[in-house]
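Numbering that gives the first Met the number 0 puts the first residue of the sequence shown at 0, with every later residue one more than the last. A quick write-up on the structure given underneath.
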Amino acid sequence: MNSSGIKLLFTCLHVLLLLILFTFPVIVTINPVRCLEKERFALLKIKADLKDNGGSTFKWGIKENKKDCCRWDGVQCDNKTNHVVSLDISTTFVSSKLSPFLLDLVDLNYLTLDGIDFNGSQILEFMVSLGKLQYLSIHDSNIGGVIPHHLGNLSMLRYLDLSGNSLLNITDLDWLSSMQSLEYLDLSYIDLSRVATWLQVIGNLPSLNHLNLMSCSLSSTLPASVNLINTSTSLSFIDLSSNSLTTTSILSQFLKVSRSFTYIDFSGNYIKGKIPDALGNMTLLSHVDLSGNSLEGGVPTALWNSTMVEYLNLGENLFYGSLPDVLKLHNLEVLRLHENGFVGSVPDLTWCTSLQTVDFHDNMFNGTLTKSIGSLSKLEILDLSSNHLEGMIDEVHFFNLSLLRNLDFSFHSKLRVKINSHWNPPFKLEMIGLAYCNLGPKFPRWLQKAYSGFVSVDISNAQISDTITNIEWNSSICFQDLNMSYNQISGILPNFSCPKLSSLDLSYNEFSGSLPLLSQDLEFLNLGRNKFSGTLINTCASSGLLMLDLADNQLSGNLPNCLMNCTNIEFINLANNLLFGEIPKSLGYLNHLSSLYLRNNYFTGKIPTTLRDCSWLFVLDLGENNFSGSIPPWMGTSFKYLTVMSLTSNEFYGRLPTTLCHLQSLQLLDLSVNKISGKIPKCIGNFSSMTSKPVPDLSPDNISNSFPILEYKPGFDDKIEIIWKDKKVEYDKNLGFLKAIDLSSNKFIGQIPLEITSLDGLFALNISRNNLVGSIPENIFRLELLNSLDLSENNLSGHIPDSLSQLSHLGVLNLSFNNLSGRIPWNTHMQTFNSFSYVGNPELCGPPLSKSCPEDQRSNSTDDVDAADNSELVTTGFYISMVLGFIFGFWGVLGTLVWNKSCRHIWFKKLIDVNDWFSVKIAVNRNRARRYFETSIAT
C-alpha cells in the first residue's frame, strides 16, 4: 500500500471516530426516564410493606433501573402519559397490609396480587378507589373480611378473580350487579352458602363469559321463581363443580340462556335426574364434566354427535344402557364413563382419532374387545377394568398404540391374554393392571419388554404357575408398585434396591430363599404365605416401612433391634413362622404401631414394659407362643384404642388385672389356654364396645377401617384366628362385626359374673374348662345376639334357665360336664341341639337325653293305674249285658216289621222310592256321559 492509500485509510478512521463521538450523546438520551416521580415513590413504598417469603425475584430499584420504574419487573406504563397502568407482583411475599400508596397509581387498570399472603387482611377497601381498574386478580392471597358493597363502583371491571380466599365473608353478591362489563368471574373455594340470590345476580351480568364457582358450598334449594331471564347470553364457560346442587334444573336454565357454551363442569355434586337433551345441542361444546353425581338414564343421542367435544367425563353416576356401535367424535381426546351401569359391547372408536384417554372401568360392558382399539395411535390411557369382558386379547389389540402409558384390564376372569413371549411391544408402559386376568400358566415375559424405567405393575391372581430365575429379573426396571400376589410363582428373589419402590406384594406364592435386600424408601412390603427362610435382618434397610407382612413363612431367629428404625410403621404381621427369643424392648419405640401379629412362633419371656408406649395399638395378637408371667396391669390404661387382644395358648398366670376393664374399645378378648386364676372381674361389663349392636350401614367390614387416622393399603387387612366349633377359624372381612370373649382352659374360680349379661352385642362367649361354680345367670336372655355359648367342664349347678330358649340366634351350645340338674328346657329352638350339649350332668333329664325326669315316671305310673282300674270294669256281666242288648234291639225292630202290617208297608215303600231315585240318577248320568263322548269324537 502506497502513502496516499495509507493516508486515505487514516482519514476514514478519523471520520468514523468523530461520527461515533458525536453520535454517542444522542444514543444516551434516546431512552429518557419515563417514570413519574410520585408513582416511583409509591411503588417503593408498596415494596417496603412486602416481606420476601423465599424464592422471589423482586428487583425494583436496582442501579440500571433505579429511576425508571416503567422498566421494573411487573410494571407497565402508558406510552403517552407515562402513568403506571399495569402492576403485577404475584410472588411469594408475606404482608400484613397493602400500602395505601397504591392509590397514587391513579391510572391503574391492571392489578395482580396473586399468591401474596396477606394474613387475613381486608385489602379490598383500597380497591374501590381504583375506578379505572379493568383487571383485578388476587387469588390464593389469604385475604379476609367482608367484601365492601361499594366494590361495585368498579364499573369498568372486566376480569375479577378472588378465588382461593376462604377467609372472605360473603353474605350476598349484590355488589356484582353494577359490574355490567364483567366478562370473567372466579370466586371458587369461597363459601357462598349464605348467598340465596347467587343465580339471579349471575343472570343479570349481560357480558359474563367465564364463570367459576367451584367448591363454593352452593345450595341446592332455590326459589321456584329463580330465572336467568336470558341476560347472560354470552356465557361460554361455567364451572359449578364440587357444590351441593341436587337437581338438573340449574343446568337446564344455563343451557336455555346460551347456545355458545364451550366448557361445562357440574362434577362432584349430588345432581339427580337425566341429562337435559339441550346439552346435545351445544354445537361449540368442547369440555363436558358431569362426573360424581347421581345422574341416571341414557345419554342423549345428540351428545354422541357433538363433533367439537374434546373432553367428556360422565363417570361415577347411575347411567345405564348401551353406547352407539360406532363413535365418530373426531376431536375427542378424553372419554371417561367409569363407575356406571353401561352394558353391551365396547364401541368401535376407530373414528376417534384424537383419543388420548379411554376410561370405562367399573361398568358392565361385555363380549369381546374390538381389535380396532389398536388403531388409536394417540392413546395414552386405556382402562377397561372391572367389567364383564371375555374372549382373547392378543398383539393386534396393541399394534399401533405406541404412546400407551397406562393399561388396565384387571378383574376379568374370563379374559385370556395370549401374547407371544418374543413379541416386542410398541409402547413403554408406566402402569400395568392385569389382575385376575388369565395370563398363565407361564410368566408373561413380554411384559418385561413393555416396562418403562419407572412402573406400577399388578398381575395378582393371574393364574401364573412358573419359576422365575434371577437372570430374568430386569435390573434396569425401577418399580414403583409391584403386585404379583395370589399366583404360584417360584424362584429366588433378587434385591429390590430401586429408591423409587414404594409397594411390593408377592404374597401367596412359592418364593423361597432368604429375604431380598430392599429399598430404604419402601413403604408397603407383603411377602407372606411363601417359603422364605433365614432371618429378618434384610428388612433393616427399609427404614421407611409403614406396613410389613411376612406371615406364614419359615423365618427364624430373633426380632432384630433394627426394627426400631421404622419409626412410622403401623402394621407388623410375623405370625406362623419359626421366630424365637424375647420381644426386644426397642419394639416399644414404634409409637405409630397399630397392629402387631406374632402368633404361632416360639417367643418367650414377658411382655416388655416399653410396649406401653405403643399407645395407638388396636390389634395385639401374641397367641400360640411361650410367653409367661402375669398380664401387665398397664395394658388396660396404655392401650385405650385396643380393639382385639389375643394372648391364647401361652403360659400367662396370676389374676386378671381389673384395669383391663378400662378397654372400652375392646371387641375381642381371647385369653384361653393359659394358667390365669382368680375370679372373673365383675367390671367385665365395662367393655362398652361389646354392648353396641352392629348396624350394617355403619359398622366396618374390616376392623382396621374403624379408625380414620389409619390409611391402610389394600392387602394389609387385619385378621384374627379364634376357636369355633372346636376348629380354628380365621376372621378377616367380617372382623369388624365379631364381638367375643374366650376365657376357656384357665383356672378361674367363683361364679359367672352377672355383669357379663349386659354385653348384649356378644357374638360368642366361651368360659369352658375352668373351676366356675354357681348357676347359669337367669337373665342370660339379654345376650340376644349370642351365636355360640360354651360353659362346659366347670362345676356349675342348678337348673338350666328357661330364658336360654329365648336366644334365637344361638347355633352352638355346650353345657356338658357340669353339675346341672332338672329338666332341660325343650321348645322348638332347643330341639336343634343334640345330647352332646348336655352330657356329663348326671342330674339333668328330659330330651334330648335318654334319661326321663321323675315327674315323667310318676305320670306314667298314674296312667297304668287308670288303665288297670278301667280293665276291672270289663267283667263277665259286661259281656252278658252286651249280648242281651243286641238280641233285644235286633228283634225289637224285626218283630215290629213282621207283626205290624202298616209299618211293614211303609218301610218297604220307602225302600222302593230310594231304589227308583238311584235308578233315575244313574240313567241320567249315563246319557250325559254318552252325549259328551259322542260330541268329543265328532269334534
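Virtual Cβ for every residue (Gly too), placed ideally from N, Cα, C.
DSSP, reduced to helix, strand and coil, places residue 124 within a helical segment of the structure shown. By the neighbour-count definition (other C-beta atoms within 10 Å, threshold 16), residue 193 is an exposed residue. In terms of Cα proximity to residue 753, the closest of 741, 769, 781, 738 is 781.
Residue nearest to residue 662 within the set 640, 290, 286 is 640 (criterion: CA-CA distance).
Residue 760 sits away from residue 644, with the two beta carbons spaced by 7 Å or more.
Taking the CA atoms as reference points, residue 498 sits about 7 Å from residue 519. About 20 Å separates the CB atoms of residue 353 and residue 370; that is not less than 8 Å, and the two are not in contact.
Here residue 468 has 490 as same chain residues with Cβ atoms under 7 Å from its own Cβ, once five neighbours each way along the sequence are excluded. The residue among 295, 237, 150 with its C-alpha nearest the C-alpha of residue 270 is 295. Secondary structure note for residue 43: its alpha helix (DSSP H) is the uninterrupted segment 36-47. Secondary structure of residue 252 (DSSP, three-state): helix. Minimum Cα-Cα distance from residue 786 among the listed residues 623, 767, 776, 738 corresponds to 738. The residues 441, 443, 444, 445, in chain order, have a CB closer than 8 Å to that of residue 420 in the same chain once the five nearest residues on each side in sequence are set aside. For residue 636, no beta strand (DSSP E) segment is defined; the enclosing uninterrupted segment is the alpha helix (DSSP H) at 634-637.
With contact defined as three or more Cβ pairs closer than 8 Å, the stretch 92-105 and the stretch 61-80 are not in contact. Within the DSSP bridge table, the entry for residue 391 names 415 as partners. Here the alpha carbon of residue 416 sits roughly 24 Å from the alpha carbon of residue 334.
When the five nearest sequence neighbours on each side are left out, the beta carbons in the same chain lying within less than 6 Å of the beta carbon of residue 788 are those of 764, 812, in order along the chain. Cβ contact annotation for residue 411 (same chain, cutoff 6 Å, sequence separation greater than five): 388, 436, in chain order. When the alpha-carbon of residue 510 is set against those of 516, 526, 521, the nearest one is in 526.
Inclusion of residue 449 and residue 425 in the CB contact set at 7 Å is not warranted, their separation being larger than that value. Residue state for residue 189 is assigned as coil, using DSSP reduced to three classes.
In this structure residue 140 touches residue 112 by the C-beta definition: roughly 6 Å separates them, less than 8 Å. According to the DSSP assignment, residue 96 belongs to no alpha helix (DSSP H), since it is labelled neither H nor E. With a minimum length of 3 residues, the unbroken runs of beta strand (DSSP E) contained wholly in the stretch 305-332 fall at 310-312, 317-321. Taking the Cα of residue 605 as reference, the smallest distance to any Cα among 578, 172, 629 is reached at 629. For residue 538, the three-state secondary structure derived from DSSP is helix.
Residue pairing by DSSP places residue 75 opposite 85 in a beta bridge.
Counting of Cβ neighbours within 10 angstroms places residue 329 among the exposed residues, the total staying below 16. Between the alpha carbons of residue 598 and residue 484 lies a distance of about 22 Å. With fewer than 16 other CB atoms across the displayed protein chains lying within 10 angstroms of its CB, residue 47 is exposed.
Counting only runs of at least 4 residues, the stretch 633-694 fully encloses the following alpha helix (DSSP H) elements, listed from N- to C-terminal order: 634-637.
Closest in alpha carbon position to residue 114, among 843, 90, 545, 94, is 90.
Runs of the beta strand (DSSP E) lying entirely within the stretch 751-821, each at least 3 residues long, are 763-765, 770-772, 787-789, 811-813 in chain order. The residues 491, in chain order, have a CB closer than 6 Å to that of residue 512 in the same chain once the five nearest residues on each side in sequence are set aside.
Shortest Cα-Cα distance from residue 845 to any of 824, 839, 828 involves 824.
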